[in-house]
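In our numbering, the protein residues as written are 35 to 286.
Glycine included, each C-beta is placed from N, C-alpha and C at the ideal position.
Note sheet for the following structure.
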Amino acid sequence: VASSPPSKEAHWVATPGMNALVRQWAQPLADGGQLMLETEVIRLEADKLHPQRWQLQTEGPGAGNPIHSGFDAVVLAVPSLQAYNLLLNSKQDSPLLEALAGVRVAPCWSLMVAFPQAVQPTLAYLGPQWNAARSTHHRIAWLARESSKPGRSPIERWTVQASPEWSQRHLEDDAERVKAKLLKAFTEVTGIRAEPPYAEVHRWRHAQTTEPLGKSHAWDRKSRIGACGDWCLGHRVEDGFLSGLEMALAIL
Numbered sequence: 035v036a037s038s039p040p041s042k043e044a045h046w047v048a049t050p051g052m053n054a055l056v057r058q059w060a061q062p063l064a065d066g067g068q069l070m071l072e073t074e075v076i077r078l079e080a081d082k083l084h085p086q087r088w089q090l091q092t093e094g095p096g097a098g099n100p101i102h103s104g105f106d107a108v109v110l111a112v113p114s115l116q117a118y119n120l121l122l123n124s125k126q127d128s129p130l131l132e133a134l135a136g137v138r139v140a141p142c143w144s145l146m147v148a149f150p151q152a153v154q155p156t157l158a159y160l161g162p163q164w165n166a167a168r169s170t171h172h173r174i175a176w177l178a179r180e181s182s183k184p185g186r187s188p189i190e191r192w193t194v195q196a197s198p199e200w201s202q203r204h205l206e207d208d209a210e211r212v213k214a215k216l217l218k219a220f221t222e223v224t225g226i227r228a229e230p231p232y233a234e235v236h237r238w239r240h241a242q243t244t245e246p247l248g249k250s251h252a253w254d255r256k257s258r259i260g261a262c263g264d265w266c267l268g269h270r271v272e273d274g275f276l277s278g279l280e281m282a283l284a285i286l
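So, in structure tokens, the structure goes:
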């Protein structure tokens, strides 16, 4: 584990979970019937009745009517490769294609573990006294004690992010095999040798930007198609927030 003095930079977390912030923002859309879940947009095309507008072809359990029309603009707030493929499959000769083609994003395997046995009067926590660290272990890039964040359950919980290089090499490996390897690495880094009653892994195919777009968003004013995301500026949550804000300002 790499050791360094504590950063003086402020760090922010949402409560009670990291998705609470966007859930709060999305709630008015859901209440107004403007949010569709479990729905994938598979094609963009000109509105049949109003050629200056867009219509979306969708599929999925939440899609209902597969065609939605009458949109003044389309914003692709998805991973860069998904945005690229959607434009390509829609046969849209957009200048966004060239811009998106240059973005590179690395995958990441994540491990989540929990130790309910650590919640005891005589045991404050398991393992190290630090709560987060960048790791020099060849399998692990970052790990954090989730239970140390404000508003969280006291149950000892950790999130472990595998390194981009290791994740790429093992991208198509069986999940159980990946879990076993990351658990071994977790033990080596933290010294926690107890078997976690809960351990799960998740594969993020588009996790960490290695070559960003280099600007806050991509916007084709002529066709009124835009794309935004953390991959425009980097890979942090702040990058995604700023990208979306700049995209909205460009449209308005």
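Could you check how far apart the C-beta atoms of residue i and residue j are, in whole angstroms? I think they sit under 8 Å.
i      : j      : result
Leu267 : Ser277 : 6 Å
Val194 : Leu160 : About 14 Å; that fails the 8 Å criterion.
Reducing DSSP to helix, strand and coil, say where residue i ends up.
i      : result
Lys42  : coil
Thr193 : strand
Trp143 : strand
Thr243 : strand
Ala178 : strand
Glu206 : coil
Glu222 : helix
Lys167 : Checking the sequence, you will find Ala at residue 167 rather than Lys. Three-state result, Ala167: strand.
Val56  : helix
Val235 : strand
Leu90  : strand
Arg227 : coil
In terms of residues, what are the limits of the alpha helix (DSSP H) holding residue i?
i      : result
Leu121 : Ser114 to Asn123
Ile285 : Val271 to Ile285
Quick one: Cα of residue i to Cα of residue j, how far?
i      : j      : result
Ala60  : Val109 : 16 Å
Gln163 : Gly225 : 11 Å
Ala44  : Phe275 : 17 Å
Arg191 : Val47  : 16 Å
Ile76  : Gln116 : 10 Å
Pro95  : Lys218 : 39 Å
Pro188 : Leu122 : 47 Å
Met289 : Arg227 : As shown, the chain starts at 35 and ends at 286. That puts residue 289 outside it, with no answer to give.
Leu55  : Arg186 : 15 Å
Val271 : Asp264 : 7 Å
His102 : Thr92  : 8 Å
His172 : Ser197 : 7 Å
Gln89  : Trp253 : 18 Å
Tyr118 : Lys249 : 17 Å
What are the start and end residues of the beta strand (DSSP E) that includes residue i?
i     : result
Glu74 : Glu74 to Ala80
Practice item. Indicate whether the contact test is met: 3 or more Cβ pairs, each with one atom in the stretch 121-141 and one in the stretch 232-247, closer than 8 Å. Key: yes
Review point. Would you say the stretch 232-239 touches the stretch 122-132, given that touching needs at least three Cβ pairs under 8 Å?
Key: no
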